[in-house]
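2 protein chains.
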Amino acid sequence: MILARLVLGLLNLAPMTGYDLKKVFDSSISHFWAADKAQIYRTLNTLVAEGYATVEVVPQANYPDRQEHHITPAGQAVLLEWLTSEPTPHAAREPFLARVFFAGNLPRAQVLDLLRERRAEAEAMLTRFTDKRESLRPAEADRARYLTIATLDNGIAHTKAELAWLDTVEQDLP
Amino acid sequence: MILARLVLGLLNLAPMTGYDLKKVFDSSISHFWAADKAQIYRTLNTLVAEGYATVEVVPQANYPDRQEHHITPAGQAVLLEWLTSEPTPHAAREPFLARVFFAGNLPRAQVLDLLRERRAEAEAMLTRFTDKRESLRPAEADRARYLTIATLDNGIAHTKAELAWLDTVEQDLP
DNA sequence: TCGCCATAGTTGTCATGTCGACTAATTGCG
DNA sequence: CGCAATTAGTCGACATGACAACTATGGCGA
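Going down the list, the protein sequences come from chains A and B.
For what it's worth, UniProt numbering labels the leading residue of the first sequence as 1, then goes sequentially.
For what it's worth, UniProt numbering labels the leading residue of the second sequence as 1, then goes sequentially.
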């Protein structure tokens with residue numbers, strides 16, 4: 001489970017509850033990973049069962065108890081191992097390109113619709129990414145911070161590449 | 001099932017067996033979709049059950065019978081509907097970026113290793129893509145052909161963007 | 001006061017993907 | 001001659017993901 005590695009990575013930065021993790025996934029991580037709430041909680045359970053994390057129940061005054069999960073040394077070991085292991089080649093899966101591939105029988109106008117919808121999506125993504133990027137601007141001297149920002153820059157670069165591709169296809173489409 | 005749509009798209013180009021489909025997926029489609037053999041055969045079964053495809057058994061002299069699957073008018077209808085329907089936003093999932101995000105504690109040299117492995121992968125992809133692109137060069141006047149080539153160009157554009165991103169990260173990494 | 005929102009987490013079910021083993025005939029290579 | 005590869009397809013089991021419903025509590029605004 002790769003999600004287990006990501007969760008360990010986050011727990012390594014700070015102890016967190018499943019609820020916290022979900023929020024981090026939806027904010028800082030959303031540009032390269034999406035995680036289901038139920039999946040996160042189940043992953044935490046397996047991590048505890050495997051000894052890669054421990055739970056500390058923190059009572060709160062007006063809110064439900066926090067089940068704070070802490071990474072263990074064993075957990076840090078598998079995290080490190082994951083980071084340095086051979087990457088398994090990522091299976092391509094691009095639903096939009098699938099549509100484009102089969103859109104040959106459609107009238108030209110409908111193909112252009114398809115492309116314009118994609119453009120709208122890409123433009124929305126680009127503004128989201130650049131906005132976030134602006135808010136993160138300072139402190140690039142430390143490596144960890146530089147790398148997290150670099151993942152955002154990666155998203156920005158790819159989104160721009162997508163827009164440039166759309167430019168040429170919209171122009172040249174016979 | 002989105003795989004069902006892709007299979008319908010291919011059956012719409014020509015009647016095929018599951019075996020044929022697998023080969024097409026692994027050659028013409030591999031740059032944007034990966035499909036498991038078992039999954040393809042099961043998808044064909046459901047397509048037949050739903051009335052979107054029919055089977056024609058074609059005996060062969062020296063090889064096992066071919067179970068040629070043909071798209072039906074109903075199948076063509078759902079294919080068309082898919083092509084023109086709202087695209088469902090694609091959940092981001094980039095294992096490599098996940099590693100980069102958490103690689104902050106690693107020594108600089110190991111981060112560079114990670115990046116160089118990625119570069120090797122990207123360069124291999126780029127040559128595969130451009131090779132295929134060379135072999136496909138002529139006949140861009142017809143829209144269907146243009147679009148299938150455009151999906152390849154999309155892969156090339158993104159791979160180049162990835163390499164450019166790697167250039168700057170490898171240079172600037174603190 | 002009613003209902004919604006935020007906090008925090010659980011459970012169930014279905015869909016989809018993944019991996020590997022298995023059948024079976026034929027062709028080609030060394 | 002033997003063995004691997006190609007053609008063609010099937011089956012079972014498990015992993016992963018997705019979606020929704022459900023339990024609780026307390027704060028806040030209309």
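Cβ atoms here follow ideal geometry from the backbone N, Cα and C, with glycine treated the same way.
Between the alpha carbons of Arg108/B and Ile149/B lies a gap of roughly 40 Å. Against chain A, the beta carbon of Glu81/B has no neighbour under 9 Å; the closest one sits roughly 12 Å away. With respect to Trp33/B, Asn154/A sits apart: the two C-beta atoms are not nearer than 8 Å.
In the structure shown, the three-state DSSP call for Glu121/B is helix. Take Thr54/B, set aside five residues on each side of it, and the residues of its chain with a beta-carbon closer than 8 Å to its own are Val48, His69, His70, Thr72, in chain order. Contact between Lys22/B and Lys37/B holds: CB atoms are separated by about 5 Å, below the 8 Å threshold. Pairing Ala122/B with Glu162/B gives a Cβ-Cβ distance under 8 Å. In the pairwise beta carbon analysis, the stretch 125-132 of chain A is classified as not touching the stretch 73-86 of chain B: fewer than three pairs are separated by under 8 Å. Less than 8 Å separates the beta-carbon of Ala103/B from that of Leu147/A. In the DSSP assignment, Arg42/A falls within the unbroken alpha helix (DSSP H) covering 37-49. Secondary structure of Gln60/A (DSSP, three-state): coil.
Ala53/A carries a strand assignment under DSSP once its states are collapsed to helix, strand and coil. In the structure shown, the three-state DSSP call for Arg93/A is strand. What Glu56/B touches in chain A, judged by beta-carbon distance under 9 Å, is nothing: the nearest beta carbon there is about 22 Å away.
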